[in-house]
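Visitor: Sharing a structure, written as structure tokens. Questions coming.
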Ligand code: SF4
Ligand code: SF4
């Protein structure tokens, strides 16, 4: 997997806080986030971590504070 090596940060959605409003998926220009149905449930998650630049736009726009930036480990 090739990810953006300029960034040491990666967005992570905290599922318990997320109400799937899609604000984050709309603002992410790198298409790193998706809101999709999985096993009969709608969830929002970072489906393309390699695309995430760690810009923080999704963190700032989330009304529920359901996204954190975490350090990449490899
Ligand atoms: S903006 Fe926040 S609450 Fe809305 S879908 Fe994204 S993570 Fe979930
Ligand atoms: S930190 Fe930036 S690039 Fe990464 S998911 Fe959020 S908006 Fe997209």
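Numbering (our numbering), first residue to last: 2 to 75.
C-beta: ideal position from N, C-alpha, C; glycine also.
#1: Tell me which same chain residues have a C-beta within less than 7 Å of the C-beta of residue 62, skipping the five on either side of it?
#2: Any heavy atom of ligand 2 closer than 6 Å to the CB of residue 12?
#3: Given that a residue counts as buried once 16 or more other Cβ atoms are within 10 Å of its Cβ, and exposed if not, what is residue 33?
#4: Determine whether the beta carbon atoms of residue 73 and residue 11 lie at a separation below 7 Å.
#5: Spatial neighbours of residue 57 within its chain, please: CB distance less than 7 Å, with the 5 preceding and 5 following residues excluded, ordered by chain position.
#6: Report, in whole angstroms, the separation of the C-beta atoms of residue 19 and residue 45, which I expect to be a contact under 8 Å.
#7: Return the chain-ordered list of same chain residues with a C-beta closer than 6 Å to the C-beta of residue 16, the five sequence neighbours on each side being excluded.
Guide: Considering the structure as presented:
#1: On the chain shown, position 61 is the one that residue 62 refers to. Closer than 7 Å at Cβ, skipping near neighbours: 24, 25 and 28.
#2: Walking along the chain shown from the start, residue 12 turns up at place 11. Indeed, a heavy atom of ligand 2 lies less than 6 Å from the Cβ.
#3: Within the chain shown, residue 33 is the residue found at index 32, counting from 1. The residue is buried, with at least 16 neighbouring Cβ atoms inside 10 Å.
#4: Taking the chain shown and counting its residues from 1, one reaches residue 73 at position 72. Taking the chain shown and counting its residues from 1, one reaches residue 11 at position 10. Yes, they are a contact pair.
#5: Locating residue 57 in the chain shown gives position 56, counting from the first residue. Taken in chain order, the residues that qualify are 70.
#6: If you number the chain shown from 1, residue 19 lands on position 18. If you number the chain shown from 1, residue 45 lands on position 44. At roughly 5 Å, the Cβ-Cβ gap stays under 8 Å, so residue 19 and residue 45 are in contact.
#7: Position 15 of the chain shown holds residue 16. Excluding positions up to five away in sequence, the list is empty.
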